[in-house]
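Okay, structure first, notes after.
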């Protein structure tokens, strides 16, 4: 995640100012003020990290890495929590300094990763409080747990770029999870073939979620239902129907709730690389699909005719319609695609992690994916970076609760939700989304 | 006559929405009735007949569970035996008991929608209100204060806690533009975790319980309306009705209420008219949270008697549906809450008697919201001409661009 800078131009202040020339002076002054505040905040974080470092040098922090997937060879990186805080403080101070020096022209968003990543590691080390942690597993876990969020965020990006708000990610993922379990279990019983049943299960989940995406588009476009309400309808309805199915069918007939599971895949040659092999190249296929999808979507949104039309529909549908773009068709297509991706993301939860369907198993991941989308400035690569942060938090939290750290699990559990609120509130900086997202479009 | 006709016209759309949703719910029951449908190959008539009668059994149990048996009530009233009367009217009073928090949260949703805020954090505000009331009630257990004083203090605490939890998304929306749908849902999850956390310690926790539930608060109670055994209906219900009147007065007879509604109709226009749209948002969300919290307080002190983290049971979602169904009118909220109260108690009875899961209601409720929000859909399904209500702002205003 070194550049979130998109060819399409996500320069926040630049776009807003050039759109309104008569406000240029005011906007520029505001941008400069915001930049100064941001720089000061980074510096303050740095100073605070130095302060934390001063008292933490005696606490050891040791992270354990495995060399290979097989065998017991491992090595440890032993540092101290104080050192980690020191590094975070330096990183934060560096970015703060850069921000103050460059002013409003500074493209700080990618640098945010430089600030946050060491802090997260330092907090993790401080919470471990001297216990040795298997960092290979934590990093693997972050990539794995980031996957449904990445996919969800891709779906969100597609729909919002087309001008449709998509609150319904959560519900579509939930339905996708449920459908994949039922279809997968049935097909597995009849064919006994794991690969066939998994494929059919995922395809079914994608199809049903795609239909839900079309329903959302239909309600929003044909009946002009407020897109937030339409999304809420799908979220509540998905919760109701999946709970109903679980209690009435899955709970009583466990043969419907034993889907095939997706195991980790060893990529040839690459997975034998020392250290990075176990972390990056022996993950579940979902992770690689998500990464490929990120690249493909970036290409499609910013480098193809369809992508240009998609963005035009979301930014200025009236103008897009005037030049002959069928905005409504674009929106239907985008929401269908978003629904398909949501189905894939939903199927991840039971097939890859839980091994069965449980009530409300998505647990707000759709909303966290929306936060990742906003955090990543509506750009696939940025959204992946944000999803990684959430994934790391999740993975670290799982390890901490296994180790029985003296932090109440309720506190750890609510961390992703609080971060989501913070991100949505734009405390880390306001980003401009597609201008016309959420507004109905009347085709002339 | 004219009044009747206008009432009928007003009720037609909501009525058809509920009816359509119930029919689709019935379809859901039929296609998941595997016991009967598995005979489809050998005996299709019996299979389909059995599945369809399953729907009638289910909805029949729902109606009986919600309203009781009229003839039984009549005979019980004639004999005058307290126990008989109690068992006979219990379904009816349970419907009112279920309607009580629905009125509170329904009003909460209505007030926030009127101000242009799509508050779906009713669950979180309700349960934090309940937590506030529980903490105060348990802290004052040995204080020697009279039960009524503790009650008032506990309800006050629930109002404060709920208002605070409502204020957060209002503040974030006003200051940063964070969309309240995301923040309120996230705050629901956080509230649930807070309640679980609060229930760990010995201060609130029922001694010796493996479940996260609080002590049952026997030393403080909301006074009952009728003193019969096993009847839970209490003055909380009356307070809910009074609050409906208060909200109605506030929204339609005061300047602040006008400002709230103006902010809901058009924040830009309100701003140009010199009103503070942000202030209205924060005020509406705080009021909304206060109402939901008060509902939680009355639930936990009165009808339920102890705090658990699943106290709400989806009231927040029901409240959205009923507030939309009611056209965001406080009087309509009361009527719709009675209907939903009946659905809730009846739905639980349906679950016990026929094994059709209660959660079907959420599906039905989602459909109700969909039909109410898309009147065109109802019109084209039922081929009726109904004018949409004119005096309601476009249900929830369109979100400002770029925040979601």
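Protein chains in written order, with our numbering: chain A, 1 to 444; chain B, 1001 to 1404. All C-beta atoms, glycine included, are put in the ideal place defined by N, C-alpha and C.
Put simply, of B:1352, B:1345, B:1366, B:1337 the residue whose alpha carbon is nearest the alpha carbon of residue 1105 (chain B) is B:1337. Taking the Cβ atoms as the reference, residue 1118 (chain B) lies roughly 13 Å from residue 236 (chain A), outside the contact range of under 8 Å. DSSP, reduced to helix, strand and coil, places residue 1029 (chain B) within a helical segment of the structure shown.
Look at residue 1224 (chain B) here: in three-state DSSP terms it is strand. DSSP, reduced to helix, strand and coil, places residue 1218 (chain B) outside both helices and strands of the structure shown, so it counts as coil. For the pair residue 89 (chain A) and residue 122 (chain A), the CB atoms are not nearer than the 7 Å cut-off. Residue contact with chain B for residue 326 (chain A): absent (no Cβ-Cβ distance below 7 Å to any residue of chain B). Residue-level contact check: residue 317 (chain A) does not touch chain B, since none of the beta carbons of chain B fall below 7 Å from its beta carbon. In this model, residue 386 (chain A) and residue 205 (chain A) are separated by some 25 Å (Cα to Cα). Note on geometry: alpha-carbon atoms of residue 390 (chain A) and residue 142 (chain A) lie some 8 Å from one another.
For residue 1328 (chain B), the secondary structure class from DSSP, reduced to helix, strand or coil, is coil. When the beta-carbon positions are compared, residue 103 (chain A) and residue 42 (chain A) stay at least 7 Å from each other.
As a beta-bridge residue in DSSP terms, residue 63 (chain A) pairs with A:77, A:133.
Per DSSP, reduced to three states, the secondary structure at residue 325 (chain A) is coil, with no helix or strand assignment.
Taken through DSSP and simplified to helix, strand or coil, residue 252 (chain A) comes out as coil. The alpha-carbon separation between residue 338 (chain A) and residue 418 (chain A) amounts to approximately 26 Å.
Cβ-Cβ separation between residue 270 (chain A) and residue 161 (chain A): approximately 33 Å, too far for a contact (criterion under 8 Å). Taking every protein chain shown into account, the CB of residue 1203 (chain B) has fewer than 16 other CB atoms within 10 angstroms, so this residue is exposed.
Inside the segment 204-255 of chain A, DSSP marks whole alpha helix (DSSP H) runs of 4 or more residues at positions 227-245, from first to last along the chain.
For the set B:1110, B:1081, B:1057, B:1216, the Cα lying nearest the Cα of residue 1260 (chain B) is the one of B:1110.
Our two residues, residue 1107 (chain B) and residue 1101 (chain B), have alpha carbons roughly 10 Å apart in a direct line.
Within its own chain, no residue has a Cβ closer than 6 Å to the Cβ of residue 273 (chain A) once the five positions on either side in sequence are excluded.
Residue pairing of residue 1308 (chain B) in beta bridges, as defined by DSSP: B:1213. At a cut-off of 7 Å, the C-beta of residue 1296 (chain B) has no neighbouring C-beta in chain A. Distance from the CA of residue 119 (chain A) to the CA of residue 258 (chain A), rounded to the nearest whole angstrom, comes to 40 Å.
In the pairwise beta carbon analysis, the segment 1010-1018 of chain B is classified as not touching the segment 407-424 of chain A: fewer than three pairs are separated by under 8 Å. Of all residues in the segment 1179-1202 of chain B, those with a C-beta nearer than 8 Å to a C-beta of chain A are 1179, 1181, 1182, 1183, 1185, 1186, 1187, 1189, 1190, 1193, 1194, 1196, 1197, 1200, reading in chain order. Pairing residue 1054 (chain B) with residue 1029 (chain B) gives a Cβ-Cβ distance under 7 Å.
In the three-state reduction of the DSSP assignment, residue 1175 (chain B) falls in the helix class. Within the same chain, and ignoring the five residues on either side of residue 1213 (chain B) in sequence, the residues whose Cβ sits closer than 8 Å to its Cβ are 1199, 1205, 1206, 1306, 1307, 1308.
Residues of the segment 174-195 of chain A whose Cβ lies closer than 7 Å to any Cβ of chain B: none. When 8 Å is used as the limit between beta carbons, residue 411 (chain A) is near these residues of chain B: 1193, 1197, in chain order. Note: residue 1205 (chain B) is bridge-paired with B:1214 in the DSSP secondary-structure output. With the criterion set as a beta carbon lying under 9 Å from some beta carbon of chain B, the segment 274-299 of chain A has no members that meet it.
Proximity of chain A to residue 1034 (chain B) at the Cβ level (cut-off 8 Å) is accounted for by 249, 253, in chain order. Taking C-alpha positions only, residue 368 (chain A) is separated from residue 1333 (chain B) by approximately 32 Å.
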